[in-house]
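S.K.: Here the protein sequences come in this chain order: A and B.
Residue numbering for the first sequence is 765 to 1267, as defined by this note's numbering.
Residue numbering for the second sequence is 17 to 123, as defined by this note's numbering.
Below are the structure tokens for one structure; questions will follow.
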Amino acid sequence: MITAHGPILPLILPLAVAILLLFLPRRAQRLTRMLSVAGSVVQVGLGLLLLRTVAEGTQLVYRLGDWPAPYGIMLVVDRLAAWLLLTSALLALCALIYALAGGDREGRYFHVLFQMQIFGISGAFVTGDLFNLFVFFEVLLISSYSLLLHGGGGPRTRAGLHYVILNLLGSAIFLLAAGLIYSSCGSLNFAHLAQLMAGLDDSQLALARTGGLLLLVVFALKAGIMPLHLWLPAAYSETSAPIAALFAIMTKIGLYAILRMSTLVFGSSAGSLADLYLPWLLPLALLTLLIGAAGALAAARLGRLAAYLIILSVGTLLTAFAGGTGGIAAGLYYLPHSTFAAASLFLCAGALRRCRPVIGDQLIADGDLPQPLIMGGTFFLAAMAISGLPPFSGFIAKLLILKALPQVLVWGMILTTALAAVIALARGGNQIFLAASGPMTLPRGGKSVVLVTSLWEVPAIAGLLILIFILTLAAGPALEFTQDTARQILEPANYIQAVLGGG
Amino acid sequence: MEILIALIIGLLSGCGVYLLLQARTFSVVLGLTLLSYGINLFLFATGRLVIGQPPVLSAVSSPADPLPQALVLTAIVIGFAMTAFAIMLSLRAQAELGNDHVDGEQP
Chain A
765 MITAHGPILP
775 LILPLAVAIL
785 LLFLPRRAQR
795 LTRMLSVAGS
805 VVQVGLGLLL
815 LRTVAEGTQL
825 VYRLGDWPAP
835 YGIMLVVDRL
845 AAWLLLTSAL
855 LALCALIYAL
865 AGGDREGRYF
875 HVLFQMQIFG
885 ISGAFVTGDL
895 FNLFVFFEVL
905 LISSYSLLLH
915 GGGGPRTRAG
925 LHYVILNLLG
935 SAIFLLAAGL
945 IYSSCGSLNF
955 AHLAQLMAGL
965 DDSQLALART
975 GGLLLLVVFA
985 LKAGIMPLHL
995 WLPAAYSETS
1005 APIAALFAIM
1015 TKIGLYAILR
1025 MSTLVFGSSA
1035 GSLADLYLPW
1045 LLPLALLTLL
1055 IGAAGALAAA
1065 RLGRLAAYLI
1075 ILSVGTLLTA
1085 FAGGTGGIAA
1095 GLYYLPHSTF
1105 AAASLFLCAG
1115 ALRRCRPVIG
1125 DQLIADGDLP
1135 QPLIMGGTFF
1145 LAAMAISGLP
1155 PFSGFIAKLL
1165 ILKALPQVLV
1175 WGMILTTALA
1185 AVIALARGGN
1195 QIFLAASGPM
1205 TLPRGGKSVV
1215 LVTSLWEVPA
1225 IAGLLILIFI
1235 LTLAAGPALE
1245 FTQDTARQIL
1255 EPANYIQAVL
1265 GGG
Chain B
17 MEILIALIIG
27 LLSGCGVYLL
37 LQARTFSVVL
47 GLTLLSYGIN
57 LFLFATGRLV
67 IGQPPVLSAV
77 SSPADPLPQA
87 LVLTAIVIGF
97 AMTAFAIMLS
107 LRAQAELGND
117 HVDGEQP
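If you want it as structure tokens, here you go:
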């Protein structure tokens, strides 16, 4: 079952749950929540199952309608796809549990949109051709537009407008790039493209190169890489906490697409187009690190700080992806860690906003913060994790990234920006929690309701932190897996063989 | 015909980009629409321009490529939905922020 139909199950499940939830009446809130959570739990199970199935190095190929390659639509699950599927499923489950604290009641179709979002994300990871990557990007984008605006409000709408318009432009460029690649190669299947790239003649080469680099622009927009990151801080910090936490995986989808394209389509077998992306990765990564660190230092609110730390982690990951097998392996180990850590920080910011209805998540002290120990403790752990301090997996990952790229510039940038992140987080924590026992800095006006941290918020944040602990404790097997993954994607011949068969 | 198609695509995309850079949401939505028209035409042309041939491999020496047609159809449907969403969002921004500037406030 799992080998025959495995790749399509993580797509069908959220889609079916979303359609089912659409039929439930509005008053059946309990049932809606139970179904949605059950769907997400099963999705995690599917992720684990797929990971176990592909761990030995096989690629699961699913031909929709059993059309032969390269004409039909393919879904492919290899180690990379399974790793990301599991990461996104775990993240989604934690974000969903947090949303049960009340975020899901701000609008009517929260759970439907949430499941559709998971459908789009999973689809982007398993699809085996360029046009379906576009389609799944659109599925996850339109869900993300609606989720981003969920609950409404002026600042949220303004951030959403920028996000939507920029991403519509990104989709237009995606189509342009896909068209260029199709017109030069005559195929859209990743594996087939990888074969065709080597045999292009000079007249088609320029078109394919343009298409490939335009794709890099699109993926850089999704990932929030340096010149195209401007939409990210506003969008992530204005939306509700569970959605911001779920969006922590969205930048990684852009990075996944960059990794997939650069290792498979423009990989070692692509002839004169081989390593098309490689010269761009490191400069872009270092600039992204710089802007992320600067933004984190300048942030005046916890949500915005977390958003800039996301940009920082994107820069770190992109640096890692420029570092060959060792770098990619370290990056893939850092990816779930940074996703969970950033998400937990967004959830902390959300809990803070609920507890302090007037000043929200601004980096200001407030005399009577309810449950300061829980709030401060979770913030402290999340901050330790995201800045990559020793006991956590981020430290191991960063160490390996540094080991893979022994260059002065890279070391200098990564270490300086990590220090900047630590300073920004320490300052933020100081201003919110440590100064809280001192005199009030703000008048108490309008602060009649003190909301206690909800029952669902603590397990969600704790869940993410536990995942980071597990990742740290299981660093040995996890790193072994990511090293196998890096080796597998850097040898695209097996993937091509698995998809296209003998020919 | 190639030159004509190329000119039309260029004109549509050029106007689209110009309108996209305007400060009012209405022009931006129009710009996105024009840009997507230009790109749909471009996608259509990626299968090479063939007139009067069936899109099936048969006795014809140069059949029309059916794949770009399928791609364009998908792109049109998605573009249509996205335009509708962008219009609704613009209206909501106008209602919530009180003006139609893309930054939500008059400069």
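Where is the CB? At the ideal position from N, CA and C, for every residue including glycine.
The model shown is predicted, which means the values in this text are computed figures rather than measured ones.
Which one of A:A1184, A:R797, A:T1180 and A:G770 has the shortest CA to CA distance from V781 (chain A)?
M.R.: In the first sequence, the residue the question calls residue 781 (chain A) occupies position 17. Checking every option, the nearest Cα to that of V781 (chain A) belongs to A:R797.
S.K.: How big is the Cα-Cα spacing for S1077 (chain A) and A768 (chain A)?
M.R.: The sequence position of residue 1077 (chain A) within the first sequence is 313, counting from 1. The sequence position of residue 768 (chain A) within the first sequence is 4, counting from 1. For S1077 (chain A) and A768 (chain A), the distance between alpha carbons rounds to 36 Å.
S.K.: Assuming V1263 (chain A) is part of the beta strand (DSSP E), what are its boundary residues?
M.R.: Mapped onto the first sequence, residue 1263 (chain A) falls at position 499. From DSSP, V1263 (chain A) is part of no beta strand (DSSP E) but of the alpha helix (DSSP H) over P1256 to L1264.
S.K.: Who are the near neighbours of V88 (chain B) in its chain, counting only those whose CB is closer than 8 Å to its CB and skipping five residues on each side?
M.R.: As a first step, residue 88 (chain B) is located in the second sequence; it is residue number 72 there, counting from the start. Closer than 8 Å at Cβ, skipping near neighbours: N56, L59 and F60.
S.K.: Look at the alpha carbon of A1071 (chain A) and the alpha carbon of A1107 (chain A), and state the distance between them as a whole number of angstroms.
M.R.: Position 307 of the first sequence, counted from the start, is the residue given in the question as residue 1071 (chain A). Position 343 of the first sequence, counted from the start, is the residue given in the question as residue 1107 (chain A). Roughly 10 Å separates the two Cα atoms.
S.K.: Report the start-end ranges of each alpha helix (DSSP H) in the segment 1083–1167 of chain A that is 4 residues or longer and not cut off at the edges.
M.R.: DSSP runs (the alpha helix (DSSP H)) wholly in the segment 1083–1167 of chain A: 1088–1119 and 1136–1150.
S.K.: Please state if the CB of G811 (chain A) and the CB of A859 (chain A) are separated by a distance shorter than 8 Å.
M.R.: Within the first sequence, numbered from 1, the residue matching residue 859 (chain A) stands at position 95. Within the first sequence, numbered from 1, the residue matching residue 811 (chain A) stands at position 47. For A859 (chain A) and G811 (chain A), no; Cβs fall outside 8 Å.
S.K.: For A1113 (chain A), which residues in the same chain have their Cβ closer than 7 Å to its Cβ, ignoring the five residues on either side in sequence?
M.R.: In the first sequence, the residue the question calls residue 1113 (chain A) occupies position 349. If we look at A1113 (chain A) and ignore the five residues flanking it on each side, its Cβ neighbours are A1005, L1066, G1067, A1070 and D1125.
S.K.: Tell me the rounded alpha-carbon separation between L1163 (chain A) and Q1252 (chain A).
M.R.: In the first sequence, counting from the first residue as 1, residue 1163 (chain A) sits at position 399. In the first sequence, counting from the first residue as 1, residue 1252 (chain A) sits at position 488. Rounded to whole angstroms, L1163 (chain A) to Q1252 (chain A) spans 22 Å at the Cα level.
S.K.: The beta strand (DSSP E) spanning V825 (chain A) covers which residue range?
M.R.: As a first step, residue 825 (chain A) must be located in the first sequence, where it is residue number 61. Here the beta strand (DSSP E) through V825 (chain A) covers L824 to R827.
S.K.: Is there a C-beta anywhere in chain A that falls below 8 Å from the one on F58 (chain B)?
M.R.: On the second sequence, residue 58 (chain B) is found 42 positions in, with the first residue counted as 1. It does; some Cβ of chain A falls within 8 Å.
S.K.: Please work out which residues of its chain come closer than 6 Å, Cβ to Cβ, to A1009 (chain A), disregarding the five sequence neighbours upstream and downstream, and give them in chain order.
M.R.: Sequence index remark: in the first sequence, residue 1009 (chain A) carries index 245 (1-based). Cβ within range, chain order: A859, A1107, F1110 and L1111.
S.K.: Could you tell me which uninterrupted alpha helix (DSSP H) segments, each at least 4 residues in length, are contained entirely in the segment 781–819 of chain A, listed from first to last along the chain?
M.R.: Runs found: 793–818.
S.K.: Output the distance between the C-alpha atoms of A1146 (chain A) and F1156 (chain A), rounded to the nearest integer angstrom.
M.R.: For this step, residue 1146 (chain A) is matched to residue 382 along the first sequence. For this step, residue 1156 (chain A) is matched to residue 392 along the first sequence. Going by the C-alpha atoms only, they are around 10 Å apart.
S.K.: Expressed to the nearest angstrom, what Euclidean distance is found between the alpha-carbon atoms of S1295 (chain A) and L1198 (chain A)?
M.R.: With chain A running from 765 to 1267 in the structure shown, residue 1295 (chain A) is simply not present.
S.K.: According to the neighbour-count rule (16 or more other Cβ atoms, all chains shown, within 10 Å of its Cβ), is W995 (chain A) buried or exposed?
M.R.: Taking the first sequence and counting its residues from 1, one reaches residue 995 (chain A) at position 231. With 16 or more other Cβ atoms within 10 Å, it is buried.
S.K.: Along the chain, where does the alpha helix (DSSP H) containing M961 (chain A) start, and where does it finish?
M.R.: As a first step, residue 961 (chain A) must be located in the first sequence, where it is residue number 197. Counting along the chain, the alpha helix (DSSP H) containing M961 (chain A) begins and ends at F954 to M961.
S.K.: Whose CA, out of A:L844, A:G887, A:I861 and A:L795, lies closest to the CA of P778 (chain A)?
M.R.: Stepping through the first sequence from its first residue, residue 778 (chain A) is reached at position 14. The shortest Cα separation from P778 (chain A) among A:L844, A:G887, A:I861 and A:L795 belongs to A:G887.
S.K.: So, are the CB atoms of I1196 (chain A) and A1129 (chain A) less than 8 Å apart?
M.R.: In the first sequence, the residue the question calls residue 1196 (chain A) occupies position 432. In the first sequence, the residue the question calls residue 1129 (chain A) occupies position 365. Taking 8 Å as the Cβ cut-off, I1196 (chain A) and A1129 (chain A) qualify as a contacting pair.
S.K.: From this set, A:A1188, A:T1181, A:L1099 and A:G988, which residue's C-alpha is nearest L855 (chain A)'s C-alpha?
M.R.: Within the first sequence, numbered from 1, the residue matching residue 855 (chain A) stands at position 91. Out of A:A1188, A:T1181, A:L1099 and A:G988, A:L1099 has the C-alpha closest to the C-alpha of L855 (chain A).
S.K.: Answer yes or no: does any C-beta atom of chain B fall closer than 8 Å to that of T921 (chain A)?
M.R.: Sequence index remark: in the first sequence, residue 921 (chain A) carries index 157 (1-based). Chain B, which has a Cβ nearer than 8 Å to the Cβ of T921 (chain A), makes this yes.
S.K.: Step through the CB atoms of chain A and report whether any lies within less than 8 Å of the CB of R40 (chain B).
M.R.: For the purposes of this step, residue 40 (chain B) is taken as residue 24 along the second sequence, with counting starting at 1. No, R40 (chain B) lies away from the interface with chain A (no Cβ there is under 8 Å from its Cβ).
S.K.: With H, G and I counted as helix, E and B as strand and the rest as coil, what does DSSP make of D966 (chain A)?
M.R.: In the first sequence, residue 966 (chain A) corresponds to position 202, counting from 1. In this structure, D966 (chain A) counts as helix in the three-state DSSP scheme.
S.K.: Pick out whichever of A:G867, A:L960 and A:V805 has its Cα sitting closest to the Cα of G915 (chain A).
M.R.: Start at 1 with the first residue of the first sequence, and residue 915 (chain A) comes out as number 151. Here the closest residue by C-alpha is A:G867.
S.K.: Using 8 Å for Cβ pairs, my map puts F954 (chain A) next to L894 (chain A). What's the rounded Cβ distance?
M.R.: Sequence index remark: in the first sequence, residue 954 (chain A) carries index 190 (1-based). Sequence index remark: in the first sequence, residue 894 (chain A) carries index 130 (1-based). 7 Å between Cβ atoms; contact.
S.K.: Can you tell me where the alpha helix (DSSP H) with V44 (chain B) in it begins and where it stops?
M.R.: Here residue 44 (chain B) refers to the residue found at position 28 of the second sequence. Note, V44 (chain B): alpha helix (DSSP H), T41 to A61.
S.K.: Just to make sure I have the definition right: I need the residues of chain A whose C-beta is within less than 8 Å of the C-beta of E112 (chain B). Which are they?
M.R.: Walking along the second sequence from the start, residue 112 (chain B) turns up at place 96. Under the 8 Å cutoff, chain A gives G916, G917, G918 and T921.
S.K.: S52 (chain B) versus chain A: which residues are under 7 Å apart at the beta carbon?
M.R.: As a working note, residue 52 (chain B) is residue 36 in the second sequence. By Cβ distance, chain A contributes A936.
S.K.: From the beta carbon of A97 (chain B), is the nearest beta carbon of chain A less than 8 Å away?
M.R.: Here residue 97 (chain B) corresponds to residue number 81 of the second sequence, with the count starting at 1. So yes, A97 (chain B) belongs to the interface.
S.K.: Round the Cβ separation of L1243 (chain A) and Y1097 (chain A) to the nearest angstrom and send it over; I've been treating them as touching at under 8 Å.
M.R.: One-based indexing of the first sequence puts residue 1243 (chain A) at position 479. One-based indexing of the first sequence puts residue 1097 (chain A) at position 333. Sure, about 6 Å apart at Cβ, within 8 Å.
S.K.: The alpha helix (DSSP H) that contains M1177 (chain A), what's its start and end?
M.R.: Residue mapping note: residue 1177 (chain A) aligns to position 413 of the first sequence, counting from 1. Counting along the chain, the alpha helix (DSSP H) containing M1177 (chain A) begins and ends at V1172 to I1196.
S.K.: With 16 other CB atoms within 10 Å as the buried threshold, where does L952 (chain A) fall?
M.R.: As a working mapping, residue 952 (chain A) is identified with position 188 in the first sequence. Per the 10 Å Cβ criterion, buried.
S.K.: Would you check if the distance between the CB atom of L1229 (chain A) and the CB atom of H956 (chain A) is smaller than 8 Å?
M.R.: Here residue 1229 (chain A) is taken as the residue at index 465 of the first sequence, counted from 1. Here residue 956 (chain A) is taken as the residue at index 192 of the first sequence, counted from 1. No.
S.K.: With three or more C-beta pairs closer than 8 Å as the rule, is the segment 44–52 of chain B touching the segment 93–108 of chain B?
M.R.: Short answer: they touch.
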